[in-house]
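Read the structure below first, then the notes.
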Amino acid sequence: MATRGTITVERMDGPAAAHAVDAFRLVYADVFAEPPYNETADDITAAFRRFLLQTRKHTFRGTLARSEDGEPVGVACGWTVPSDTRWWDELTESVPDGMRREDGHRTFGLMELAVRGAWRGQGVARRLHEAVLDGIEAERVLLNVHPDSQAASAAYQAWGYAKIGEARPWEGPHLYDVMLLDLRA
């Protein structure tokens, strides 16, 4: 178990996150190789091909947490959902048109939030979440979470997210819970 030393959280735009890609990859690979995700080396390689493209989005934001000695311990990232998003089309059941409406400013999509095992239970995820959302102008935050990731689901619920449906955003057998946080509440 890691000591509960000082953890720093740095917020980054896309170019800074692209520059720190190795740190993001280290955390991602460590966390998402675990159950219930069980991602392979090929999955991680594909994810980081997409990550480098995603960092080019002008609304991309990332956060990187490091231990006192500079070791990457957690990441979060996302961007504003564009008006032509297909996110809502992936739901297994329709939601009202008013909920689906996107204008390129309304919704921030939280794409990743991950903390390496030794640093869990120390508030790192909450700090990453708060930092990545700090100062955004969106009305709400949208995310997908694996339903078997009970700790993540519980954290999101504690932070005010509500499940609004299920989706299959990626090829594979799993449905993911779709959760929404109203930032105006």
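Heads up, the sequence shown is in the numbering used here, so the first residue is 30 and it goes up one at a time. Every residue, glycine too, gets a C-beta built ideally from N, C-alpha and C. For clarity, every value in this text was computed on a predicted model and none was experimentally measured.
Roughly how many whole angstroms lie between the Cα atoms of residue i and residue j?
i: His134; j: His87; result: 12 Å
i: Tyr190; j: Met140; result: 15 Å
i: Met30; j: Arg129; result: Note that Met30 has pLDDT 37, beneath the 50 cutoff, so the model's placement of it is unreliable and the number below is only indicative. Answer to the nearest angstrom: the Cα atoms are 43 Å apart.
i: Val104; j: Asp126; result: 32 Å
i: Ala76; j: Tyr57; result: 9 Å
i: Arg115; j: Gln151; result: 35 Å
i: Thr32; j: Ser123; result: Here the model assigns Thr32 a pLDDT of 48, short of 50, so the residue's position is not dependable and the matter cannot be decided.
i: Ser96; j: Leu142; result: 17 Å
i: Phe53; j: Ala45; result: 11 Å
i: Trp188; j: Asp98; result: 29 Å
My assumption, with CB atoms under 8 Å, is that residue i sits in contact with residue j. Please give the rounded CB distance.
i: Val218; j: Cys106; result: For residue 218 there is no data in the structure shown, the boundaries of the chain being 30 and 214.
i: Leu82; j: Met41; result: Not confirmed; about 16 Å, so no contact.
Could you spell out the range, first to last residue, of the alpha helix (DSSP H) harbouring residue i?
i: Ile36; result: Careful: Ile36 lies outside any alpha helix (DSSP H) and carries neither H nor E.
i: Tyr57; result: Val50 to Phe61
i: Ala105; result: Element bounds for Ala105: not the alpha helix (DSSP H) but the beta strand (DSSP E), Pro101 to Thr109.
i: Ile165; result: Where Ile165 is concerned, there is no enclosing alpha helix (DSSP H), given that its DSSP letter is neither H nor E.
i: Gly127; result: Asp126 to Arg129
i: Asp132; result: That residue, Asp132, is in no alpha helix (DSSP H); it is neither H nor E in DSSP.
For residue i versus residue j, is the C-beta distance shorter than 7 Å?
i: Arg169; j: Thr136; result: yes
i: Thr84; j: Ala49; result: no
i: Gly34; j: Leu120; result: no
i: Asp211; j: Val174; result: no
i: Ala184; j: Ala154; result: yes
i: Val110; j: Trp148; result: no
i: Leu171; j: Leu209; result: yes
i: Asp51; j: Arg145; result: no
What does residue i pair with, by DSSP beta-bridge criteria?
i: Asp206; result: Val174 and Glu195
i: Thr114; result: None, per the DSSP bridge assignment.
i: Met41; result: Gly91
i: Asp98; result: Answer is none; Asp98 lacks a bridge partner.
i: Asp211; result: Arg169
Locate the beta strand (DSSP E) running through residue i, then write down its first and last residues.
i: Leu139; result: Thr136 to Val144
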